[in-house]
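Data block below; observations after.
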Amino acid sequence: MRLMIFSIGMLGLAACGPLPVYYRADTAFGQQQTDELACAVKALKEAPVANEIRQRPPVYYPGGQYCSGGNCWTRPGYWVDGGIYTVDVNEGLRSRLEQSCMAQKGYQRLELPRCSKEEIAAYSTPAGPAPSGTGLSGSVRSGTGQSSVQKSGRNSPVLTPQSCVVRLKDGSTRILSPL
1 MRLMIFSIGM
11 LGLAACGPLP
21 VYYRADTAFG
31 QQQTDELACA
41 VKALKEAPVA
51 NEIRQRPPVY
61 YPGGQYCSGG
71 NCWTRPGYWV
81 DGGIYTVDVN
91 EGLRSRLEQS
101 CMAQKGYQRL
111 ELPRCSKEEI
121 AAYSTPAGPA
131 PSGTGLSGSV
141 RSGTGQSSVQ
151 KSGRNSPVLT
161 PQSCVVRLKD
171 GSTRILSPL
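Here it is as structure tokens:
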């Protein structure tokens, strides 16, 4: 039970952590997505999915002798299956190949903080706030300034200490950065 609570807590913290993104200052968002996809496909061809089935070792729970009111009894020990799981042994290699491909195309891999709901709202369109996980489009402005981010057709924003990342519905990431 404690392990499950710990695991849920760690997953919650991971959701708040920084997101890895690829960045190149002179690249339109659509070009970045194309380059990322091309590198992912190339890496998948060079290091295809190679799942292996593995088994954790069984766990032995020893028995014991229990006494109460002068009566004693012995409970025997028993084994519990350790469980079976699957591992993609090429996953690490595939990730390194993809990163190498993106580096050859001039991208840097950065980890930027996730945007808060307030930051996403600050970069919203005049039609209303852009909720988390949606595509940002059009001219992105707020009363405090403007953002250098659009969904397509614009170069990557200039990175500042206030830059943050939002994950879109399609799984891609978007850097938000005030001008």
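Taken in order, the sequence shown gives residues 1 to 179; the numbers are from this note's numbering. Just so you know, even glycine gets a beta-carbon here, dropped at the ideal spot from N, CA and C.
Quiz item: For R54, is the classification buried or exposed, using 16 other Cβ atoms within 10 angstroms of its Cβ as the cut-off for buried?
Solution: Per the 10 Å Cβ criterion, exposed.
Quiz item: Ends of the alpha helix (DSSP H) at T34?
Solution: Boundaries of the alpha helix (DSSP H) harbouring T34: 29 to 46, taken from the DSSP string.
Practice problem: Sort T160, D26, P76, K45 by Cα distance to Y60 and report the nearest one. | Solution: The shortest Cα separation from Y60 among T160, D26, P76, K45 belongs to P76.
Quiz item: Which runs of the alpha helix (DSSP H) fall wholly inside the segment 89 to 120 and span at least 4 residues, in chain order?
Solution: Taking only runs of at least 4 residues, the alpha helix (DSSP H) segments lying wholly in the segment 89 to 120 are 91 to 104.
Quiz item: Less than 8 Å separating the beta-carbons of R167 and L19?
Solution: The Cβ-Cβ distance between R167 and L19 falls below 8 Å.
Quiz item: What's the C-alpha gap between F29 and Y23?
Solution: If I take the Cα positions, the gap works out to 10 Å.
Quiz item: Closest by CA to D170, which one among L37, P113, T27?
Solution: Among L37, P113, T27, the Cα nearest to that of D170 belongs to L37.
Quiz item: Short check: CB of T160 to CB of V21, under 8 Å?
Solution: No.
Exercise. Select from R96, P58, S95, E52 the residue whose C-alpha is nearest the C-alpha of D81.
Key: Out of R96, P58, S95, E52, P58 has the C-alpha closest to the C-alpha of D81.
Exercise. Report yes if the CB atom of S163 is closer than 8 Å to the CB atom of L112, and no otherwise.
Key: In this structure, L112 lies closer than 8 Å to S163 by Cβ.
Practice problem: Please name the residue, chosen from Q99, Q33, W79, K105, that lies closest to P62 on a Cα-to-Cα basis. | Solution: Distances from the alpha-carbon of P62 to those of Q99, Q33, W79, K105 put W79 closest.
Quiz item: Out of curiosity, what's the CA-to-CA distance linking V158 and I84?
Solution: In this structure, the CA atom of V158 is about 47 Å from the CA atom of I84.
Practice problem: Tell me, to the nearest whole angstrom, how far the beta carbon of C115 is from that of K42; I am working on the premise that it is less than 8 Å. | Solution: So it is not a contact: roughly 30 Å between Cβ atoms.
Quiz item: Does the distance from the C-beta atom of A40 to that of E98 stay below 8 Å?
Solution: Taking 8 Å as the cut-off, the beta carbon of A40 is found closer than this to the beta carbon of E98.
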